[in-house]
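Under my numbering, think of the first position of the sequence shown as 20, with each following residue one higher.
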Amino acid sequence: MLSTMTSQNTPSAGKDAGKLVGLVLGLAAIASIMLLALGLPAVNSGANDLPLAVSGPVPAVEALTGTFEETNPGTFEVTTHTTDAAVRDAILNREAIGGIAIGAPGATGAPEITIYTASGAGTPYAGILNSIAAGMTAQGQHVTVTDLAPLTADDPSAVGLSAMGLPLIFGGMISAVALSLLFAHRNVWWQVGGSVAFSLVAGFGLTALVQFGFDSFEDAYVATSLALTLGIASISLTALGIKALLGMPGLGLAAVLMLFVSNPISGIATGPQWLPAPWGEIGQWLPIGAAGTAVRSEAFFAGGGASQAYLVLGVWIAAGVVLAALGSFRASRQAASA
């Protein structure tokens with residue numbers, strides 16, 4: 020009898036052992052992929068082809084760009100403008116991370132140089148331009164540094180903005196999961212309505228905490244809150260739409276998309292220009308990157324440069340609603356034919 024039981028149990032134990040080995044190897048592979056997804060963009064980030072606006076006399080501009088190529092090869096992608104005002108406009112519209120305007124010679128015969136920074140675009144860029152200003156000053160040049168989009172005195176490193184990334188992702192995903200579970204007995208439009216309501220409350224609440232609690236922003240509370248609201252809604256509604264089509268596994272797929280694809284290349288902490296090409300640009304076509312750009316634009320640039328971000332967020336929101344509608348239609352047909 021014992022021999023019979025042993026022979027019956029042995030194949031089952033062998034099968035379970037194979038499952039265990041496969042599970043261990045699979046989870047280890049997933050952990051490695053997670054590390055690569057989160058770590059590679061950060062490791063390869065840096066000052067490469069940063070868009071810089073420059074104006075001034077042609078010989079002076081050519082000399083400046085030549086110096087950059089010698090001392091900082093590949094750091095900047097210089098765009099030449101005709102006036103100082105055009106340089107400022109390029110920065111405020113977020114077409115450039117900063118700028119240099121070379122003016123007329125001063126009393127000593129040396130040109131007056133203005134270096135424009137925009138700390139709100141990302142602290143690394145302002146740091147690089149401030150270093151250039153210090154170097155020029157040390158050489159005896161007349162340099163003035165003007166920050167067109169300064170950070171607040173209470174949060175000079177934009178910690179509050181950087182910290183918004185995780186609540187943005189978590190808020191969008193957890194709302195989709197909670198609504199899917201708690202209102203599984205209702206049609207999908209209950210979940211969509213709940214997602215919109217949550218996004219509004221969370222968007223205004225989180226922005227209030229960052230602006231009035233951390234003092235990270237000074238102005239544009241409503242506009243910044245709406246930008247964050249759209250970001251949360253784009254994640255939540257996309258997840259609900261995928262779930263409506265694929266069932267609960269769809270939520271897992273959405274989580275992977277947001278956490279391990281959109282998040283690492285979002286540039287929410289530094290701005291997308293700091294990421295390696297082309298990932299920074301790709302990240303701007305995904306919800307988290309677009310949300311980060313929209314929030315930065317509203318908080319520090321009076322909405323400048325936010326058009327693409329709002330378009331992207333609108334497309335993801337619309338896609339989520341369309342997927343939810345398709346899932347609801349399919350469920351209705353299946354129920355009718357049952």
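Beta carbons: idealized from backbone N, C-alpha and C, even for Gly.
- Around the C-beta of residue 158, fewer than 16 other C-beta atoms lie within 10 Å, and the residue is accordingly described as exposed.
- Per DSSP, the unbroken alpha helix (DSSP H) holding residue 264 starts and ends at 240-265.
- Nearest neighbour of residue 115 by Cα position, chosen from 168, 37, 270, 257, turns out to be 168.
- Considering only 340, 185, 65, 75, the residue with the shortest C-alpha distance to residue 91 is 65.
- Around the beta-carbon of residue 38, fewer than 16 other beta-carbon atoms lie within 10 Å, marking it exposed.
- Counting C-beta pairs closer than 8 Å gives fewer than three between the region 213-225 and the region 280-288, which falls short of the contact rule.
- Assignment of residue 118 by DSSP, reduced to helix, strand and coil, places it in the strand class.
- Every beta strand (DSSP E) stretch that sits fully inside the region 69-104 and reaches 3 residues is listed by chain position as 69-74, 95-100.
- Uninterrupted beta strand (DSSP E) stretches at least 3 residues long and entirely within the region 198-237 do not occur.
- Spatial neighbours of residue 268 in its own chain (CB-CB distance under 6 Å, excluding positions within 5 residues in sequence) are not present.
- In this structure residue 110 is not in contact with residue 79, their Cβ atoms being roughly 19 Å apart against a cut-off of 8 Å.
- Counting C-beta pairs closer than 8 Å gives fewer than three between the region 297-305 and the region 228-240, which falls short of the contact rule.
- Going by C-alpha positions, residue 89 is about 16 Å away from residue 69.
- Residue pairing by DSSP places residue 134 opposite 119, 164 in a beta bridge.
- Residue 199 and residue 255 do not touch by the CB rule: their CB atoms are close to 10 Å apart, not below 8 Å.
- A Cβ-Cβ distance of about 15 Å is found for the pair residue 106 and residue 144, leaving them out of contact under the 8 Å criterion.
- The Cβ-Cβ distance between residue 291 and residue 308 falls below 8 Å.
- Counting along the chain, the unbroken alpha helix (DSSP H) around residue 147 starts and ends at 142-157.
- With fewer than 16 other CB atoms across the displayed protein chains lying within 10 angstroms of its CB, residue 208 is exposed.
- Residue state for residue 297 is assigned as coil, using DSSP reduced to three classes.
- Distance from the CA of residue 155 to the CA of residue 240, rounded to the nearest whole angstrom, comes to 38 Å.
- Residue 189 and residue 197 have their C-alpha atoms some 12 Å from each other.
- Within the same chain, 181 come within 6 Å of residue 288 by CB-CB distance, once the 5 residues on both sides are set aside.
- By the beta-carbon neighbour count (other beta carbons within 10 angstroms, threshold 16), residue 52 is exposed.
- The three-state reading of DSSP puts residue 124 in strand, counting E and B together.
- Runs of the alpha helix (DSSP H) lying entirely within the region 293-342, each at least 4 residues long, are 298-302, 306-319 in chain order.
- One thing to note: residue 261 has its Cβ within 8 Å of the Cβ of residue 272.
- In the DSSP assignment, residue 285 falls outside any alpha helix (DSSP H), carrying neither H nor E.
- Shown here for residue 342: same chain residues with a beta carbon closer than 7 Å to its own, the five before and five after excluded, namely 260, 261, 263, 264 in chain order.
- With a contact defined as Cβ atoms closer than 8 Å, residue 270 and residue 325 miss out at about 29 Å.
- Here residue 118 really is in contact with residue 72; their C-beta atoms are around 4 Å apart, less than 8 Å.
- Per DSSP, residue 64 lies in no alpha helix (DSSP H) segment and is marked neither H nor E.
- In the structure shown, residue 268 adopts helical secondary structure according to DSSP, grouped into three states.
- Per the coordinates, the alpha-carbon of residue 315 lies some 24 Å from the alpha-carbon of residue 56.
- Rounded to whole angstroms, residue 123 and residue 85 show a C-alpha spacing of 20 Å.
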